[in-house]
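Residue numbers (the working numbering): 1 to 390.
I have placed the structure first, in the form of structure tokens, so that the comments after it can refer back to it.
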Ligand SMILES: Cc1cc2nc3c(=O)[nH]c(=O)nc-3n(C[C@H](O)[C@H](O)[C@H](O)COP(=O)(O)OP(=O)(O)OC[C@H]3O[C@@H](n4cnc5c(N)ncnc54)[C@H](O)[C@@H]3O)c2cc1C
């Protein structure tokens, strides 16, 4: 296949970060092309919900002219939270007030990943996203650009290349040899479909938002999505190989569920019922992160954003940071249209400093969740008390 030169700016990865960047750039008259591994917009379930914060995710959507579209899908009530310890003692509760006319925008409303992706995709000029384009590698060209090599043998060339392809970025090794490390935590994700109809008692327990139980190196978190599904996340303190050495056949959910229930034998009946009610696949996942404060020397025409740049523990900041990255990068490219070197340098300086702080906070919260202080430590954190890292 021959090389295709599509636009000056190539973005690899159509997640929240890559799509937000594409929207911001195209809205400002800077064409960009997104290469996405998925075969199409509906090729896979996008997972659960994200809370978007005022100064990061929501700010990027505001600048992208998508606030109204966001409000149509946003669920402020999805912030409701019950936090318990594994004996069932309620330690923290958040009930989101129903919005009144004239209220300030809610600070962290939830949106389903599927809805966020759909609203970003719908805002892009047709053809911006090239589906089924899995990047394998990129090589510098003699003219100072980058050639992309895709899994199907195709290639493309761009003057500026942005890696927004998440935790397992193929472009990151061109900038730094540093790889994500295991956080000492593994998770298993399950799903209860149509909870109001299939398990009304669990629907009542989870309510409009999340039901989260933490105890002794494990946790159960159940979160309602807009379509009535509840995603159930189990997490386990343990080494990276635990998912393969624990003997639980995650690829055979009917056998795996009873084995998981044994690990929660002394937990509240609601936790056990949530696990038992999961239907379909169970997805095991080791949790990894890049080192807090990772930086790399500037390289002309190439940078990263989102998880590719600063994968952090999943405690509610990653997508927000990715979308704020997109905004900062779009601003820099708009300010220096003829000088991408200066634009990328300015973006990286700001991004390194900003995300180091967010990553440090995410790391602290993750340690707290899995510390001896457990649920009490997290409740103290939510209450603004100075919880010890334990
Ligand atoms: C269980 C869980 C809950 C979370 N909850 C929250 C939350 O509430 N709030 C929050 O802010 N963050 C949350 N996060 C973190 C958040 O999901 C990520 O930080 C965010 O999705 C990062 O966005 P991104 O665009 O950088 O990358 P991604 O979302 O990973 O998107 C990368 C895209 O690139 C594509 N891709 C990958 N490789 C290639 C390739 N080689 N070629 C082409 N395309 C490729 C992928 O298909 C994908 O579409 C959570 C994470 C987890 C695991």
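Ideal placement from N, C-alpha and C gives every residue a C-beta, glycine not left out.
From the options, residue whose alpha carbon lies closest to that of residue i
i           : options            : result
residue 333 : 322, 321, 346, 324 : 346
residue 231 : 36, 37, 46         : 46
residue 26  : 248, 64, 79, 15    : 64
residue 8   : 24, 292, 33, 40    : 33
residue 239 : 377, 349, 200, 187 : 187
residue 265 : 176, 153, 86       : 86
residue 254 : 72, 247, 276       : 276
residue 374 : 356, 279, 218      : 218
residue 205 : 88, 150, 151       : 88
residue 228 : 245, 221, 203, 246 : 203
residue 222 : 73, 79, 381, 58    : 79
residue 152 : 268, 15, 39, 20    : 39
residue 140 : 174, 193, 128, 114 : 174
residue 97  : 291, 159, 209      : 209
residue 196 : 226, 163, 285      : 226
residue 24  : 308, 190, 62       : 62
residue 361 : 381, 348, 126, 342 : 381
residue 267 : 22, 72, 84         : 84
residue 269 : 220, 249, 308, 236 : 220
residue 99  : 122, 74, 142, 159  : 74
residue 191 : 155, 234, 348      : 234
residue 95  : 353, 207, 341      : 207
residue 283 : 144, 317, 244, 104 : 244
Bounding residues of the beta strand (DSSP E) (the contiguous stretch that carries residue i)
i           : result
residue 236 : 230-237
residue 201 : Where residue 201 is concerned, there is no enclosing beta strand (DSSP E), although the alpha helix (DSSP H) it sits in stretches over 200-206.
residue 179 : Counting along the chain, residue 179 falls outside any beta strand (DSSP E), and DSSP gives it neither H nor E.
residue 93  : 90-94
residue 298 : Element bounds for residue 298: n/a, residue is neither H nor E.
residue 137 : 135-140
residue 223 : 218-224
residue 251 : That residue, residue 251, is in no beta strand (DSSP E); it is neither H nor E in DSSP.
Which of helix, strand or coil DSSP assigns to residue i
i           : result
residue 111 : strand
residue 384 : coil
residue 389 : Here residue 389 scores only 44 on pLDDT, less than 50, and its place in the model is too uncertain to base an answer on.
residue 257 : helix
residue 412 : It is not possible to answer for residue 412, since the shown part of the chain is limited to 1 through 390.
residue 317 : coil
residue 162 : strand
residue 22  : helix
residue 51  : strand
residue 365 : helix
residue 58  : helix
residue 10  : strand
residue 150 : strand
residue 46  : coil
residue 282 : strand
residue 36  : coil
residue 355 : helix
residue 78  : helix
Assumed close pair residue i, residue j - CB separation to whole angstroms, cut-off 8 Å
i           : j           : result
residue 212 : residue 81  : 7 Å
residue 36  : residue 130 : 7 Å
residue 76  : residue 101 : Their Cβ separation, rounded to whole angstroms, is 14 Å, which puts residue 76 and residue 101 out of contact at 8 Å.
residue 117 : residue 19  : 7 Å
residue 315 : residue 359 : With 8 Å as the limit, residue 315 and residue 359 do not qualify as a contact, their Cβ atoms being about 11 Å apart.
residue 15  : residue 322 : 7 Å
Proximity below 8 Å, CB of residue i to CB of residue j
i           : j           : result
residue 370 : residue 185 : yes
residue 384 : residue 17  : no
residue 10  : residue 161 : yes
residue 148 : residue 135 : yes
residue 177 : residue 167 : no
residue 107 : residue 66  : no
residue 13  : residue 146 : no
residue 328 : residue 351 : yes
residue 257 : residue 271 : no
residue 324 : residue 59  : yes
residue 50  : residue 379 : no
residue 183 : residue 287 : yes
residue 57  : residue 113 : no
residue 172 : residue 304 : yes
residue 344 : residue 310 : no
residue 285 : residue 189 : yes
residue 164 : residue 308 : yes
First and last residue of the uninterrupted alpha helix (DSSP H) at residue i
i           : result
residue 391 : Given a span of 1 to 390 for the chain in the structure shown, any question on residue 391 remains unanswerable.
residue 270 : 269-276
residue 215 : Counting along the chain, residue 215 falls outside any alpha helix (DSSP H), though it belongs to the beta strand (DSSP E) covering 210-215.
residue 308 : 307-310
residue 67  : 67-73
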